[in-house]
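>
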Amino acid sequence: MSTLETTAATAEPAAPQQPRRFRWGARRGEGMIENRPLLTFVSHVVLAIGVAIVALPVYITFVASTLAGNEVLQSPMPMLPGSHLLDNYRTVLLQGASANVTTAPVGRMMFNSLVMALVIAFGKIAISLLSAFAIVYFRFPGRGLAFWMIFLTLMLPVEVRILPTYKVVSDLHMIDTYAGLTIPLIASATATFLFRQFFLTIPEELAEAARIDGAGPLRFLKDVVIPLSRPNMAALFVILFIYGWNQYLWPLLITTKEDMYTTVIGIKLLIAGGEQATEWNLVMATAMLAMLPPALVVLLMQRWFVKGLVDSEK
Amino acid sequence: MSEKRARFESRWLPYALIAPQMAVTLVFFFWPASQALYTSLLVQDAFGTNTQFVWFDNFKDLFANPDYLASFKVTAVFSLLVAVLGLVLSLILAVFADRIVRGAGVYKTLLIWPYAVAPAVAAVLWLFLFNPTLGIVAHWLIGLGIAWNPLLDGTDALIMVVIAAVWKQISYNFLFFLAGLQSIPKSLIEAAAIDGAGPLRRFATIVFPLLSPTTFFLLVVNIVYAFFDTFGIIDASTSGGPGKSTEILVYKVYADGFKGLDLGGSAAQSVILMAIVIGLTVIQFRYVERKVTY
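Protein sequences appear in the order of chains A and B.
Sequential numbering of the first sequence, starting at 41, is according to my numbering.
Sequential numbering of the second sequence, starting at 7, is according to my numbering.
#1: Would residue 210 of chain A pass as an interface residue toward chain D - the criterion being a Cβ-Cβ separation below 8 Å?
#2: Identify the contact partners of residue 286 of chain A in chain B, using a Cβ-Cβ distance below 9 Å as the criterion.
#3: I need the straight-line Cα distance from residue 331 of chain A to residue 116 of chain B, nearest angstrom please.
#4: Please list the segments of the alpha helix (DSSP H) lying wholly inside the segment 50-92 of chain B, counting only runs of 4 or more residues, in order along the chain.
#5: For chain B, find out if any of its Cβ atoms is closer than 8 Å to the Cβ of residue 90 of chain A; answer yes or no.
#6: Are residue 298 of chain A and residue 143 of chain A touching if we call contact CB-CB under 8 Å?
#7: Determine the DSSP secondary structure at residue 150 of chain B, reduced to helix, strand or coil.
#8: For chain A, check one thing: does any of its Cβ atoms lie closer than 8 Å to the Cβ of residue 272 of chain B?
#9: Taking the alpha helix (DSSP H) that residue 126 of chain A falls in, what are its first and last residues?
#10: Can you check which of these residues, A:184, A:167 and A:196, is closest to residue 9 of chain B by C-alpha distance?
#11: Below 8 Å CB to CB, which residues in the same chain sit around residue 156 of chain A once its five sequence neighbours on both sides are set aside?
#12: Could you list which residues in chain A have their beta carbon closer than 9 Å to that of residue 92 of chain B, in chain order?
#13: Are residue 175 of chain A and residue 191 of chain A closer than 8 Å when you measure CB to CB?
#14: Verify whether the separation of the beta carbon atoms of residue 68 of chain B and residue 59 of chain B is less than 8 Å.
#15: Name the chain A residues whose beta carbon is nearer than 7 Å to that of residue 113 of chain B?
#16: Check the Cβ-Cβ distances between residue 41 of chain B and every residue of chain A, and say whether any is below 8 Å.
#17: Report the partner residues of residue 48 of chain B according to the DSSP bridge assignment.
#18: Taking the C-alpha atoms as reference points, what is the distance between residue 17 of chain B and residue 179 of chain A?
#19: If you drop the 5 nearest sequence neighbours on each side, which residues of the same chain put their C-beta closer than 7 Å to that of residue 64 of chain A?
#20: Report the three-state DSSP secondary structure of residue 270 of chain B (helix, strand or coil).
#21: So, residue 265 of chain A versus residue 242 of chain A, is the Cβ gap smaller than 8 Å?
#22: Let me see if you follow: with CB-CB separation under 8 Å, is residue 21 of chain B close to chain A or not?
#23: Please name the residue in B:141, B:56 and B:96 whose C-alpha comes closest to that of residue 101 of chain A.
#24: Leaving out five residues before and five after residue 148 of chain B in sequence, what residues of the same chain have Cβ atoms less than 8 Å from its Cβ?
#25: Just to confirm, does residue 312 of chain A get its C-beta within under 7 Å of one of the non-hydrogen atoms of the ligand FAD?
#26: Which residue marks the beginning of the alpha helix (DSSP H) containing residue 254 of chain B, and which one marks its end?
#27: Given a cut-off of 8 Å, decide if residue 256 of chain B and residue 272 of chain B are closer than it, judged by their beta-carbon atoms.
#28: Beta-carbon separation of residue 287 of chain B and residue 195 of chain A under 8 Å?
#29: With C-beta atoms as the reference, is residue 289 of chain A less than 8 Å away from residue 136 of chain B?
#30: Using a Cβ-Cβ distance under 8 Å, would residue 82 of chain B count as near chain A?
#31: Measure the alpha-carbon distance for residue 207 of chain A versus residue 239 of chain B and round it to whole angstroms.
#32: What are the start and end residues of the alpha helix (DSSP H) that includes residue 284 of chain A?
#33: Taking 8 Å as the CB-CB cut-off, is residue 223 of chain A touching chain B?
#34: On a CA-only basis, which of B:34, B:283, B:21 and B:158 is nearest residue 212 of chain A? Give me that one, please.
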């Protein structure tokens, strides 16, 4: 654990390794050890190629989403954006992404995805915070058992227990409900362990002081633990929002009504009609809309994203 | 397990605090998992009217079934390719990014966002690029004289899903490699440079060995990813086809259980997958403990 946290610190762009560098910014390979301008140039070229390859699919998707239906079908398709950006996105958001396949408007599907992502993110954070608090700050019969049960959930991803889990949800009449989409996914060993690990670093004196002042555990949780945990919550939020938004297998099983589909499974249904029926410009507009919210969360909360990614790896 | 000395006393509060997580865990994890275990020992007809307890026959049938063995092989090839390619490419990018002073942050930002793309969406993007009639990349390949059709050719389809899976995972590997590189003490590298070791030599003899905990950790994570998180990629792009050339184990559980309605066989496959996850998790945790003392 401890080294992972060191990695977490170094993964952040800011402070920790700063003192090791010279003040004028010289770094390994440049100036300080030796100066190799050619190697620096090669580095930029390699990275630029890497960035271009990584960006290519999304660029092509964007271009396709701005073309008219017949333009996408040309081979090769145009490499520059067309003039149907607003048309395509309006059609997709308000009417549905295809005349050949019946789906709900993508606006509706994005709403479902958003509900799913937010409930999963906040739900996981809430129940993990509470159970980690119980495990760290209380000693009670069954505590070890509870800890191990939570640990074991790591080994039971939904992919390996598809049918019986589906059956439970269906017996509870949770098919096609937001509860069915979210509650079965909100138990998280990773988040619980992360909070537990963090709580163990909170100075003992704080809890002692709270006890001496006569503050109960809930008061201590609310006034000390939760405020101190905010950075961890932000980091977890980014990771869990992406996790929730990008769920695929689960909504595929749990939703049967068009107006309960999420954006990600909506796309799959759009291309399921086969070569002839697929309106690629609209499918690609839908794909852009499916990528936009999680990509924005990553880019706007980049610092928290990196922290969350590194911390949540157990 | 490290412990707090300062604790609170209450008979009921800890149970109340832990109850929501326990309830979800029991109802949606343990109960279904036990059902999977139990069902894997049964044979049931498609209507559920006739059930027989058959001990381990389902497992015996599975390992005698060429389709299942083929799926094992596809999964092995797929996971190995995804893990190795993903690690090599992201290590190259991380090593060069680590050299750069100005603009390193920009490259980092430009490389990390594919993490946010859903596997199924990544699959659809690459499906479009590789579409033999429309796709721009397929157009280039055919221009180079390469017969390319992932809709008909199993190898092409496998290459396509590998590329989609690697593309999505590069950002994750890149971030961990970069963090690993930046935590290598600079004095070591300076010492080697003073002794006259060039960049390549320094990489081979100092950087790469010191990076091996990160590499091993990423290898396990990537194999887990290729085994379980790529369901969306397979389902959205190839549905296991053409033929069964991209039918990885996770996809087969779903296909046999939901489409084929072979409940016992599907449950037996689930149990085998569970064993694989348990194995991988144990490896990962043992390694993390070693890393603490490292």
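Backbone N, C-alpha and C fix where the C-beta goes; we use that ideal spot for every residue, glycine too.
Keep in mind that this is a model prediction, so the values were computed, not measured.
The relevant details are as follows:
#1: Reference to chain D is not applicable here, since the protein chains of this structure are A and B.
#2: As a working note, residue 286 of chain A is residue 246 in the first sequence. Residues of chain B passing the Cβ test: 122, 123, 124, 125, 126, 127 and 238.
#3: On the first sequence, position 291 is the one that residue 331 of chain A refers to. On the second sequence, position 110 is the one that residue 116 of chain B refers to. So the two alpha carbons sit approximately 15 Å from each other.
#4: 63-70
#5: Walking along the first sequence from the start, residue 90 of chain A turns up at place 50. Closer than 8 Å to some Cβ of chain B, the Cβ of residue 90 of chain A qualifies, so yes.
#6: In the first sequence, the residue the question calls residue 298 of chain A occupies position 258. In the first sequence, the residue the question calls residue 143 of chain A occupies position 103. Yes, they are a contact pair.
#7: Counted from its first residue, the second sequence places residue 150 of chain B at position 144. In the structure shown, residue 150 of chain B sits in coil (DSSP, three-state: anything other than H, G, I, E or B).
#8: As a working note, residue 272 of chain B is residue 266 in the second sequence. Judged by the 8 Å Cβ criterion, residue 272 of chain B is in contact with chain A.
#9: Locating residue 126 of chain A in the first sequence gives position 86, counting from the first residue. DSSP places residue 126 of chain A in the uninterrupted alpha helix (DSSP H) bounded by 125-134.
#10: Looking up residue 9 of chain B in the second sequence gives position 3. Of the listed residues, the one whose Cα sits closest to residue 9 of chain B is A:184.
#11: Position 116 of the first sequence, counted from the start, is the residue given in the question as residue 156 of chain A. Excluding residues within five positions, the ones whose Cβ falls inside 8 Å are 218, 221, 222, 284, 285, 287, 291 and 302.
#12: Within the second sequence, numbered from 1, the residue matching residue 92 of chain B stands at position 86. Close partners of residue 92 of chain B in chain A (Cβ separation under 9 Å) are lacking, with about 12 Å as the shortest Cβ gap.
#13: The count along the first sequence starts at 1 and reaches residue 175 of chain A at position 135. The count along the first sequence starts at 1 and reaches residue 191 of chain A at position 151. No, Cβ-Cβ distance for residue 175 of chain A and residue 191 of chain A is not below 8 Å.
#14: Sequence index remark: in the second sequence, residue 68 of chain B carries index 62 (1-based). Sequence index remark: in the second sequence, residue 59 of chain B carries index 53 (1-based). Not closer than 8 Å, so no.
#15: Numbered from 1 along the second sequence, position 107 holds the residue referred to as residue 113 of chain B. 87 and 91, listed in chain order.
#16: By 1-based counting over the second sequence, the position of residue 41 of chain B is 35. True, the Cβ-Cβ gap to chain A drops below 8 Å.
#17: The count along the second sequence starts at 1 and reaches residue 48 of chain B at position 42. Residue 48 of chain B is bridged to B:59.
#18: Locating residue 17 of chain B in the second sequence gives position 11, where the first residue counts as 1. Locating residue 179 of chain A in the first sequence gives position 139, where the first residue counts as 1. About 10 Å.
#19: Locating residue 64 of chain A in the first sequence gives position 24, where the first residue counts as 1. Since pLDDT at residue 64 of chain A reaches only 40, below the 50 mark, its modelled position is unreliable, and the value read off the structure follows with that caveat. None.
#20: Translated into the one-based positions of the second sequence, residue 270 of chain B becomes position 264. Residue 270 of chain B falls in the helix class under three-state DSSP.
#21: Counting from one through the first sequence, the residue named residue 265 of chain A turns up at place 225. Counting from one through the first sequence, the residue named residue 242 of chain A turns up at place 202. Yes, the pair counts as a contact, with Cβ atoms nearer than the cut-off.
#22: If you number the second sequence from 1, residue 21 of chain B lands on position 15. Yes, because at least one Cβ of chain A sits closer than 8 Å to the Cβ of residue 21 of chain B.
#23: The residue you call residue 101 of chain A lines up with position 61 of the first sequence. Ranking B:141, B:56 and B:96 by Cα distance to residue 101 of chain A puts B:141 first.
#24: Taking the first residue of the second sequence as 1, we reach residue 148 of chain B at position 142. Same-chain partners within the cutoff: 138 and 154.
#25: Questions concerning the ligand FAD fall outside what the structure shown contains, since it holds no ligand whatsoever.
#26: Translated into the one-based positions of the second sequence, residue 254 of chain B becomes position 248. Per DSSP, residue 254 of chain B belongs to no alpha helix (DSSP H) and is neither H nor E.
#27: As a working mapping, residue 272 of chain B is identified with position 266 in the second sequence. As a working mapping, residue 256 of chain B is identified with position 250 in the second sequence. Cβ atoms of residue 272 of chain B and residue 256 of chain B: not closer than 8 Å.
#28: Working through the second sequence from its first residue, we reach residue 287 of chain B at position 281. Working through the first sequence from its first residue, we reach residue 195 of chain A at position 155. A contact, by the Cβ cut-off of 8 Å.
#29: Here residue 289 of chain A refers to the residue found at position 249 when the first sequence is read from its first residue. Here residue 136 of chain B refers to the residue found at position 130 when the second sequence is read from its first residue. In this structure, residue 136 of chain B does not lie closer than 8 Å to residue 289 of chain A by Cβ.
#30: Along the second sequence, read from residue 1 onward, the residue named residue 82 of chain B stands at position 76. Not closer than 8 Å to any Cβ of chain A, the Cβ of residue 82 of chain B fails to qualify, so no.
#31: In the first sequence, the residue the question calls residue 207 of chain A occupies position 167. In the second sequence, the residue the question calls residue 239 of chain B occupies position 233. Taken atom to atom, the span from the alpha-carbon of residue 207 of chain A to that of residue 239 of chain B is near 25 Å.
#32: Sequence index remark: in the first sequence, residue 284 of chain A carries index 244 (1-based). Segment 270-285, the alpha helix (DSSP H) holding residue 284 of chain A.
#33: Residue mapping note: residue 223 of chain A aligns to position 183 of the first sequence, counting from 1. For residue 223 of chain A, the answer is yes, since a Cβ of chain B falls inside 8 Å of its Cβ.
#34: Within the first sequence, the letter at position 172 stands for residue 212 of chain A. Ranking the options by Cα distance to residue 212 of chain A, first place goes to B:34.
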